[in-house]
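Just so you know, full-length UniProt numbering puts the end of the sequence shown at 427, numbered straight through with nothing missing. Yeah, the Cβ is synthetic: ideal placement off N, Cα and C, and Gly gets one too. As the structure is a prediction and not an experimental result, all values here were calculated from the model.
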Amino acid sequence: MTDFFNKHIKKTTARTKEKLLEGLGRNKATQDETFDFYANNLQKQSKACERLHKDFKAYSVALKELNKAEKALRDSVREVYEDEWPNKANLTSVSQSIDWEGDNLEKQVCEDMVGSVGQYVQQFAELKKKVEKRGRKLVDYDHARNGYNSLKEGSKKESDPKVAKALTELQQAEQMYKEINGELLEILPATFDSRITFIVDTLQSLFNAQASQQTECAKHHKQMITILDELGESMDSLRVARPPSRIESPSENHKLATPSIERRSPSPSASLERNGDSTRQSITSAISEKSKSTKDSKETKEESEVEEPIQNKVYPKLNAAPPPTASPRSEDKQKKPKREKDPNNPFDESDDEEDLGLGRERKVLRVVESTHKYEPQDTDELAFVAGEKIKVLDSFETDQLDDGWLIGENQDGVRGIFPENFTKNLH
1 MTDFFNKHIK
11 KTTARTKEKL
21 LEGLGRNKAT
31 QDETFDFYAN
41 NLQKQSKACE
51 RLHKDFKAYS
61 VALKELNKAE
71 KALRDSVREV
81 YEDEWPNKAN
91 LTSVSQSIDW
101 EGDNLEKQVC
111 EDMVGSVGQY
121 VQQFAELKKK
131 VEKRGRKLVD
141 YDHARNGYNS
151 LKEGSKKESD
161 PKVAKALTEL
171 QQAEQMYKEI
181 NGELLEILPA
191 TFDSRITFIV
201 DTLQSLFNAQ
211 ASQQTECAKH
221 HKQMITILDE
231 LGESMDSLRV
241 ARPPSRIESP
251 SENHKLATPS
261 IERRSPSPSA
271 SLERNGDSTR
281 QSITSAISEK
291 SKSTKDSKET
301 KEESEVEEPI
311 QNKVYPKLNA
321 APPPTASPRS
331 EDKQKKPKRE
341 KDPNNPFDES
351 DDEEDLGLGR
361 ERKVLRVVES
371 THKYEPQDTD
381 ELAFVAGEKI
391 KVLDSFETDQ
401 LDDGWLIGEN
411 QDGVRGIFPE
421 NFTKNLH
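In structure tokens:
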């Protein structure tokens with residue numbers, strides 16, 4: 001043990017001395033440009049492959065997490081898809097097929113490919129050790145050669161035992177150096193050339209696995225889309241039973257959301273108060289009956305209009321914002337029957353002029369732009385579409401407007417009242 005330790009110390013000291021003398025230029029070092037070229041290629045190849053191995057492992061970890069998350073999502077889809085819905089068994093089978101494709105890709109990448117890349121990278125550690133050993137043997141050979149030359153030049157005898165011993169050490173060092181150097185000159189270029197086949201095989205396996213998985217999953221996803229389309233088309237049959245719909249007055253919450261105060265109905269016409277003959281009463285009664293029947297038909301129509309969007313709506317949009325609702329006007333104003341002008345009564349005037357003095361001179365207060373289409377519910381209301389500019393006119397006390405209603409004039413010169421929340425101010 002002591003002899004081995006002393007021998008190791010002696011070799012280490014000799015190599016350090018030789019490198020120092022070569023660095024100072026006092027001894028000549030053996031140069032091999034071919035081997036240096038191969039060694040540099042080995043360094044570049046090992047660095048690139050080690051990075052590829054590192055990224056493969058990172059990709060395999062991320063792929064496991066992605067596959068786990070996708071399987072959890074598909075489990076939720078199978079759970080949320082109710083049993084009485086159409087094609088439940090088909091959806092379960094298709095989603096399980098997608099799970100299998102993901103597991104297969106995960107196995108190919110995480111086990112097969114990462115393992116093959118790791119085995120290829122392991123060879124570089126052994127080759128680097130051989131290159132380092134070859135460097136030590138080269139220093140031993142240079143030390144023996146320089147020592148032999150020094151002794152031979154300083155010896156005066158031809159058969160000097162020191163020279164003979166140095167020659168023997170030189171031959172042994174040269175033999176060991178040439179053996180490992182020749183071995184590396186064969187292995188290093190072959191290893192460097194193998195990078196092409198390695199890259200081709202590895203990446204082809206990866207991309208083929210990904211392409212196969214993505215192609216099959218694309219087919220399964222199209223089947224899932226078809227199943228969901230059938231579910232959407234079956235919505236009418238799966239709809240929860242509802243009580244008969246009816247038109248209800250707005251709730252207090254709705255009134256808070258769209259504040260509106262009923263306006264006071266205008267005072268009755270003076271001519272109606274003065275006129276009390278039987279003929280006028282009969283005409284008014286007939287018109288009232290007609291207005292009542294018109295109102296009933298209108299309410300029936302409104303009920304059908306309320307019901308129709310629900311029946312035709314297959315895929316409801318939860319984020320759709322409804323258009324604004326006009327502030328309700330006084331009941332007596334809305335339900336006031338239209339009376340016909342009596343041609344025989346010179347004091348009878350039209351209702352429009354009784355309701356509002358729209359023909360009077362009015363000052364323009366501002367200009368607004370409509371944001372939604374508005375269909376008038378009475379003859380004194382103004383009709384407009386979205387994007388139309390309306391002049392807001394001043395009002396008088398005799399107009400008796402509800403809160404939220406304004407008097408305006410459209411671009412055609414037509415005047416009437418309109419809900420303010422259907423418009424916006426133009427700055």
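Coil, strand or helix - residue i by DSSP
i: residue 426; result: coil
i: residue 59; result: helix
i: residue 100; result: helix
i: residue 392; result: strand
i: residue 382; result: coil
i: residue 374; result: strand
i: residue 241; result: coil
i: residue 41; result: helix
i: residue 46; result: helix
i: residue 412; result: coil
i: residue 88; result: helix
i: residue 173; result: helix
i: residue 402; result: coil
i: residue 76; result: helix
i: residue 31; result: coil
i: residue 288; result: Bear in mind that a pLDDT of 49 at residue 288, under 50, signals an unreliable position, so the number given afterwards is only what the model happens to contain. Helix, per DSSP.
i: residue 229; result: helix
i: residue 178; result: helix
i: residue 83; result: coil
i: residue 51; result: helix
i: residue 13; result: helix
i: residue 159; result: coil
i: residue 360; result: coil
Inter-residue CB distance, residue i and residue j (contact presumed, cutoff 8 Å)
i: residue 424; j: residue 394; result: Not really, about 20 Å apart at Cβ, beyond 8 Å.
i: residue 409; j: residue 389; result: Between residue 389 and residue 409 the Cβ distance is about 10 Å, and since that is not below 8 Å, they are no contact.
i: residue 371; j: residue 422; result: 6 Å
i: residue 59; j: residue 109; result: 7 Å
i: residue 145; j: residue 170; result: 6 Å
i: residue 38; j: residue 185; result: 7 Å
i: residue 86; j: residue 234; result: 6 Å
i: residue 188; j: residue 166; result: About 32 Å; that fails the 8 Å criterion.
Limits of the unbroken alpha helix (DSSP H) element including residue i
i: residue 237; result: 235-238
i: residue 126; result: 114-154
Limits of the beta strand (DSSP E) - the one that residue i falls within
i: residue 415; result: 415-419
i: residue 369; result: 364-370
Residues bridged to residue i (per DSSP)
i: residue 94; result: The partner list for residue 94 (beta bridge, DSSP) is empty, contrary to what the question assumes.
i: residue 407; result: 393 and 417
Three or more C-beta pairs below 8 Å linking the segment 411-426 and the segment 381-398 | yes
Is it true that the segment 75-84 meets the segment 198-218, where meeting means three or more beta-carbon pairs spaced less than 8 Å apart?
-> With the rule of 3 Cβ pairs closer than 8 Å, the segment 75-84 does not count as touching the segment 198-218.
Would you say the segment 132-148 touches the segment 168-183, given that touching needs at least three Cβ pairs under 8 Å?
-> yes
When the Cβ atoms of the segment 102-116 are set against those of the segment 159-178, are three or more pairs found closer than 8 Å?
-> no
Is the segment 95-111 touching the segment 126-136, taking contact as three or more C-beta pairs under 8 Å?
-> no
Determine, using beta-carbon pairs with one atom in the segment 186-194 and one in the segment 42-60, whether at least three such pairs fall under 8 Å.
-> yes
Specify whether the segment 58-72 and the segment 88-103 touch according to this definition: at least 3 beta carbon pairs, one from each stretch, less than 8 Å apart.
-> yes
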